[in-house]
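As they're listed, the protein sequences go chains D and X. With this note's numbering applied, the first sequence covers 1 to 546. With this note's numbering applied, the second sequence covers 1 to 327. Note that beta-carbon positions come from the ideal geometry of N, C-alpha and C, so glycine has one too.
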Amino acid sequence: MSLKKFSELFGDLDSINSTNNKIEVLKNYFLSNDPIDNSWAIYLLTGKSNKRFISGRYLKNLFSQIYEYPQWLIDTCYLKVGDSAEVITLLLKNKTNSRKKKLSNISLNELLSKTIPALSKLNEEEKNLEIKNLWETLPEDNHLIFNKILTGTFRVGVSIGLITKSISKLINIEEEIISHRLMGDFKPSIDSYEFLINKNINLQELNSKPFPFLLANTIEDKIFKNSINDFQFEWKYDGIRMQLIKRSGNVSLWTRGQELVNESFPELVEKMSHIKDDFVLDGELLAWNFKDQIAFDFSLLQKRINRKSPTRSIQIKYPIIFIAYDLLEINGRDIREIKLENRRIELEKYFSKWQIKTENNISDIFKICDLIFPKDWPDALTYKEKSRENNTEGLIIKKKTSIYSSGRKKGIWWKYKVDPMQLDAVLIYAKGGSGRRAGLYTDYSFALWKDKELIKFASAYSGLTNIEIKELDKWIRKNTIEKFGPVRSLKPEMVFEISFEKIQISKRHKSGIAVRFPRITKWRKDKKINDADSLENAYELMKKIS
Amino acid sequence: MRTKQEYLIRYKDGNLYCELADIWIDPSKPVKKALITHAHFDHFTFGCEEYISTKETAILLKERVGDNIKIKTFEYGEEFKINGINISFHPSGHILGSSQIRFIFAEEKWLISGDFKLQKDQTCKQYEIVKTDYLISECTFGLPIFKWDESNKIANDISKWITNSPEKTSLLFCYSLGKAQRLLNEISQTNFKGNIYSHGSIHKMNDSYRELGIDIKDTIKIENKMKIDELKGSLILLPPSLSKGSYLKNFKNIQTAFASGWMSIRALRKRSGYDKGFAISDHADWDGILEMVKKSEAKNVFFHHGDSEALSKYLVEKESINVLLFG
């Protein structure tokens, strides 16, 4: 029965667009199924299992053999469908409805823990026979799931975040706790599911929780009226903003998006666990060029973000560093309410202590951010202009007397970006290129927010690498909403940093602005569409320039 | 073997044409004489001097385009002569009034399948097997990945889809002629007992079906100022043309679905932009096409309307049926 229920769940998740409804469906699924099946469902949905038991090609050949189907016919079908598991599912519909064998009502657990792993122990002939037998005994509704698991292509539009949210709703416990529980090597078992839905929060889980992040605002003119001595100046690094937490001996790395990323950066976790004190640090994770002591480009860091348990050689190839901006808690004492300048003194004090007293050398993975001391505002401007040289984006300007509150609080932290002629925009249309770029979607249109609507503001063709173009082209084909001749409208999902030379008012454009020489300077895979800039930001930018 | 010019029926300017009778079949541009297989707009064009169709097709067409056209009608199976060629209409099972057209000349039989399906459909006459020497068949769904479920299963899925979201208004998009009436007929036999609304274009066709003696469930014509609350939990049938654009803003808290054979493929379903797809079609699936071709006993087959390459190759290799290409 339960494989059928999981098939239904897959069908529902696949046809529901609203996040809330997906959460509701997941919740109901968890409520009405065995812990062990729930555990497997989570395992599958979070993409923890993408093991390929047999290839799509093998599956197609096998089908061709068993049912005497010409291979070319299956290949033609594949062109239409684009997924081996689905092609075979659709073709099986033709074949197994007149069967006489008794249908099996195998559970998700049995299929995943016994039946499928057992396949790899069989010789080819036995294996083929077993798959044929399963095709003939599994209810038709379950073929797609079965074929997809078999070929390691099970995927559905559900993120870890969504699973986290549904379990959080199910048992009424904060998402951070669930996130923490889902971290690590999730082994499907009754215990692991019971642990996930345990209503009692243990101390370690509580200890892992990050503070809400304090965010900087785009700089405003009025700041220049203040004395330069009221502010602390730091470089604005372009990495992953992060809280590094060590409490009761356990280290947790939390991104601003509430993601626990310990598994991606094990060397940092390991090194920091040697420090004797407990602490919460606010800082930035960067790919770091230790030779020149500057940050590597963000793209290098990207090689690390989604890779869990990186090998030693990956760790060496893409070395990382955590640069601490701020100390928020020390040995259990929350110090967010004391002034920034005093927190900085504490931070420096502890840092030098840790450098001397920690057994292993920590300075090859952890440092505190250098401060900059401009004489006056014009001098600050000079620093800002130079920030490209050390691969930073500009300056962060913090009021020395500020406490660490939460959110994007006005008037205490400012970001002063080196190239203000830049906006983060959402990709909404793509058009096919020509010549060398024929057959690829290479002409893009980008939009900014106006209230809750995305308004087109610029088109750009250049700036992406060939590899990125190919990747994006693939994405475009999969995420087209509508085609108008050569143009496709796209699901708003991808954010790009667009740079340009000039920005001015234009009555000809719906956005009311025109930009000169727009180009793509970065594919912001780390950003969600809600993080993209608004038209209002663009107008502010224009005001500042003129 | 004859040259293409010598075939009784051939392709001319993208349309099927019988030169001996000087008559066109479902032409896409104005001609003197046009045989019309059924009343869908992609098989009809304005401005022909004379149309010939079944009685039902004529009535449906006039309801859709007005009385201003000259149509001669014949009963199914009734033979009529043009320039010595015997022509007759036979049920094709696609929609009410839809037909295959048979030509007999000098003891040689030709059959144009028109749009057809073999599946059961209570809103129109069942497909009739017609023997022929030459067959011209559509093959919209000419790949083995297309295999339709029984229509009552789809109707039950639709019923479940609506009743599982009682707080929502369910918008089901479908072609207003044929598909809508078939769905209404099937849905009225399911557990769904809520209100069913339909768009004016569908409502009109429902009336015509009833006048032609087909039992179609009563629906409420959707008006612009319907109260949102009363639509909750009900089903609304709409033509696909309204799925894009501002029309949907008239409703709140909706779920959308599209009823079409193409919805059997996940990628197409995802790309369509509808929440859900129901794979139900008024065209034959792969098995349907194969069965029809075999039962017609045709020695020579032509295909149009669809990707015929795989189907042709399969028939030649596996069934030893001669598949020909139009010039």
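Contacts of residue i in chain X (Cβ-Cβ under 7 Å)
i	result
Thr442/D	In chain order: nothing, as chain X lies at least about 21 Å away.
Lys73/D	The question names Lys, but residue 73/D in the sequence shown is Leu. Pro144, Ala310 and Tyr314, listed in chain order.
Cβ separation of residue i and residue j, assumed to be a contact under 8 Å, to the nearest whole Å
i	j	result
Arg304/D	Ile320/D	6 Å
Gln100/X	Leu111/X	6 Å
Ile197/D	Ile219/D	The pair is not a contact, with the Cβ atoms about 46 Å apart (cut-off 8 Å).
Lys400/D	Glu346/D	With 8 Å as the limit, Lys400/D and Glu346/D do not qualify as a contact, their Cβ atoms being about 14 Å apart.
Glu493/D	Ile529/D	6 Å
Arg519/D	Ser499/D	6 Å
Delimiting residues of the alpha helix (DSSP H) encompassing residue i
i	result
Trp148/X	Careful: Trp148/X lies outside any alpha helix (DSSP H) and carries neither H nor E.
Cys77/D	Gln71 to Val81
Arg519/D	No alpha helix (DSSP H) contains Arg519/D, which is instead part of the beta strand (DSSP E) from Arg519 to Trp523.
Phe44/X	It is not in any alpha helix (DSSP H) - Phe44/X carries neither H nor E in the DSSP assignment.
Lys317/D	Arg312 to Lys317
Met292/X	Trp286 to Ser296
Gln422/D	Gln422/D -> not in any alpha helix (DSSP H); beta strand (DSSP E) instead, spanning Gln422 to Gly432.
Per-residue contacts from residue i into chain X (C-beta, under 8 Å)
i	result
Val81/D	Ile145, Ile265, Arg266 and Ala267
Pro492/D	Neighbours of Pro492/D on chain X: none; closest Cβ ~13 Å, over 8 Å.
Lys60/D	The premise fails here: Lys60/D is roughly 12 Å from chain X at the closest Cβ pair, so nothing lies under 8 Å.
Lys474/D	Near Lys474/D there are no residues of chain X at all, since even the closest Cβ is about 13 Å away, more than 8 Å.
Proximal chain D residues relative to residue i, where beta-carbon distance stays under 7 Å
i	result
Lys249/X	Within 7 Å Cβ-Cβ: nothing; Lys249/X doesn't reach chain D, min ~13 Å.
Lys120/X	Simply none; closest approach about 16 Å.
Lys276/X	Ser15
Test: residue i CB closer than 9 Å to a CB of chain D
i	result
Gly288/X	no
Tyr76/X	no
Glu309/X	yes
Glu138/X	no
Tyr11/X	no
Lys62/X	no
Lys313/X	yes
Lys153/X	no
Lys232/X	no
Lys70/X	no
Lys294/X	no
Pro244/X	The residue you asked about is not Pro; residue 244/X is Lys in the sequence shown. For Lys244/X, the answer is yes, since a Cβ of chain D falls inside 9 Å of its Cβ.
Test: residue i CB closer than 9 Å to a CB of chain X
i	result
Ile16/D	yes
Thr76/D	yes
Val87/D	yes
Lys222/D	no
Lys525/D	no
Lys93/D	yes
Leu286/D	no
Lys5/D	no
Lys187/D	no
Lys478/D	yes
Leu90/D	yes
Short Cβ contact (9 Å threshold) for residue i with residue j
i	j	result
Cys369/D	Tyr404/D	no
Leu26/D	Leu44/D	no
Leu286/D	Asp238/D	yes
Lys398/D	Glu234/D	yes
Thr57/X	Gly14/X	no
Ile476/D	Ala430/D	yes
Glu174/D	Trp254/D	no
Asp282/X	Arg210/X	no
Val301/X	Ile95/X	no
Trp354/D	Asp277/D	yes
Pro91/X	Gln126/X	yes
Ile280/X	Asp149/X	yes
Ile162/X	Ser198/X	no
Limits of the unbroken beta strand (DSSP E) element including residue i
i	result
His304/X	Asn300 to His304
Gln181/X	No beta strand (DSSP E) holds Gln181/X; the alpha helix (DSSP H) holding it covers Lys179 to Ile187.
Trp413/D	Trp413 to Lys417
Lys456/D	Glu453 to Ala460
Phe258/X	Ile254 to Ala259
Ile505/D	Lys502 to Ile505
Gly277/X	Lys276 to Phe278
Residue i: contacting residues in chain X (beta-carbon distance under 9 Å)
i	result
Ile481/D	Arg271 and Gly273
Chain-ordered neighbours of residue i on chain D, where CB pairs are closer than 8 Å
i	result
Glu317/X	Pro70
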